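In this note's numbering, the protein residues as written are 7 to 162. Positions of the beta carbon are idealized from the N, C-alpha and C atoms, including for glycine. No experiment lies behind these values; they were computed from the predicted model shown. The block underneath contains the structure these notes are about, expressed in structure tokens.
See the structure below:
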């Protein structure tokens, strides 16, 4: 019985090694595709260029034994620009494609949760700053109105 467990463990390790090797090969191929894709600005590709690459990405994935769903093909260029800059860096490009074919993993979910928490904190901080600034402005306006009222009363 123990040898069966050992064999299963060995198979699992081999499978994990094979999957990691396949992933590394895919990353290299994606980086090469990105680098050969045309005009870059500061090492980044415009979203329009990425949209044009979708068929090549799908072909590359198919050659590596992965398949990109039709919906993913249609939406890829729309969602790959995570930071909304209008461009995609090499690492953003490869990490995104790898995550699409890899499905949702717990670490990815944690990264998203962390990013969302950081954005929420930034919004809360900005809201507090603006609230304080609005309060200060309200005080200044009230002072000005009082001075104007006092000035008007003196002129009557």
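Three-state secondary structure assigned by DSSP to residue i
i: residue 45; result: coil
i: residue 51; result: strand
i: residue 88; result: coil
i: residue 15; result: helix
i: residue 145; result: helix
i: residue 75; result: coil
i: residue 70; result: coil
Integer-rounded CB distance, given that residue j should sit under 8 Å from residue i
i: residue 164; j: residue 88; result: Since the first and last residues shown for the chain are 7 and 162, residue 164 lies out of range.
i: residue 73; j: residue 66; result: Going by Cβ atoms, the distance from residue 73 to residue 66 rounds to 12 Å, so no, they are not a contact pair.
i: residue 120; j: residue 40; result: Not confirmed; about 26 Å, so no contact.
i: residue 127; j: residue 70; result: Not a contact, Cβ separation roughly 39 Å.
i: residue 164; j: residue 79; result: Lying outside 7 to 162, the shown extent of the chain, residue 164 is not represented and no answer is given.
Paired residues, beta bridge with residue i - DSSP
i: residue 93; result: 52
Any non-hydrogen atom of the ligand FAD within 8 Å of residue i CB
i: residue 146; result: For the ligand FAD, the structure offers nothing, since it holds no ligand at all.
- Using 8 Å as the Cβ pair cut-off and three pairs as the minimum, do the region 38-47 and the region 75-86 touch? Judged by Cβ distances under 8 Å, the region 38-47 makes no contact with the region 75-86, as fewer than three pairs qualify.
- Query: Would you call the region 96-111 and the region 27-37 in contact, with 3 or more CB pairs under 8 Å?
  - Reply: With three or more CB-CB distances shorter than 8 Å, the region 96-111 counts as touching the region 27-37.
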